[in-house]
Amino acid sequence: MSKIRKEITKYMSDESEWNKKLIAEFRVNGGKVGGHFEGKTLLLLHTLGAKSGQGRVTPTAYVRDGERFVIIASNSGAESHPAWYHNLISKSVATIEVGADQFNVYPSIAQEPERTHLYDKMVEMMPIFEKYRRETTREIPVILLTPVK
Numbered sequence: 000m001s002k003i004r005k006e007i008t009k010y011m012s013d014e015s016e017w018n019k020k021l022i023a024e025f026r027v028n029g030g031k032v033g034g035h036f037e038g039k040t041l042l043l044l045h046t047l048g049a050k051s052g053q054g055r056v057t058p059t060a061y062v063r064d065g066e067r068f069v070i071i072a073s074n075s076g077a078e079s080h081p082a083w084y085h086n087l088i089s090k091s092v093a094t095i096e097v098g099a100d101q102f103n104v105y106p107s108i109a110q111e112p113e114r115t116h117l118y119d120k121m122v123e124m125m126p127i128f129e130k131y132r133r134e135t136t137r138e139i140p141v142i143l144l145t146p147v148k
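Just so we're aligned: the sequence shown equals residues 0 to 148 in numbering that gives the first Met the number 0.
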């Protein structure tokens, strides 16, 4: 195995372990967590793998826009979208956990000028998103999650 492949595998393993701990903390504390998410809004996004069909759960920050939940596919400023983004847009309905509640949502991609307005709203809550925006040449998708009624 190449050195780069080993580093990628270790990173993915570390990220997976970090996510597992964050998800457990989220569920034990009714959606509240510590660390750099302390005092921030966090949800658990449930998707199915676009190719594998396997269930995935991803913690992600969100802001509200009326009844909608807004999440950002920043991938920490990387040049590619996060895997969950591809899984999410491949389906017409997803599930989220917010606090102790779990419900279905319709995902859609925000278009300009709403996209920039909502991205800026996320930056107000978590300034690190401004760094992500500056560090990539891609347009970072802003996803609207509208609860199914």
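C-beta atoms are modelled at their ideal positions from N, C-alpha and C, and glycine is treated no differently.
None of the values given here were measured: they were computed from a predicted structure.
Asked, Found
"Classify Thr-135 as helix, strand or coil using the three-state DSSP reduction.", "coil"
"Nearest to His-116 by CA position, among Leu-143, Lys-90, Gly-54 and Ser-91, is which residue?", "Leu-143"
"Would you mind giving the Cβ-Cβ distance between Thr-135 and Ala-77, rounded to the nearest angstrom? I have them listed as a contact below 8 Å.", "7 Å"
"If you drop the 5 nearest sequence neighbours on each side, which residues of the same chain put their C-beta closer than 6 Å to that of Gly-29?", "Gly-98 and Ala-99"
"For the ligand PLP, any of its heavy atoms closer than 7 Å to the Cβ of Gly-52?", "Because no ligand of any kind appears in the structure shown, any question about the ligand PLP cannot be addressed here."
"At which residues does the alpha helix (DSSP H) containing Glu-123 begin and terminate?", "113-124"
"Do the CB positions of Thr-151 and Leu-47 come within less than 8 Å of each other?", "Since the displayed the chain opens at 0 and closes at 148, residue 151 lies outside it and no answer follows."
"Between which two residues does the beta strand (DSSP E) containing His-45 stretch?", "41-47"
"Taking the straight line between their C-alpha atoms, what separation do you get for Leu-182 and Phe-68?", "In this structure the chain extends from 0 to 148, so residue 182 is not present and cannot be described."
"On the three-state DSSP scale, how would you describe Val-141?", "strand"
"For a test of the three-state rule: what should DSSP assign to Gly-34, helix, strand or coil?", "helix"
"Mapping DSSP to helix, strand and coil, what is Gly-76?", "helix"
"Give the range of the beta strand (DSSP E) segment to which Ala-60 is assigned.", "54-60"
"As a quick exercise: from Asn-86, Ile-22 and Asp-119, pick the residue whose alpha carbon is nearest that of Ser-107.", "Asn-86"
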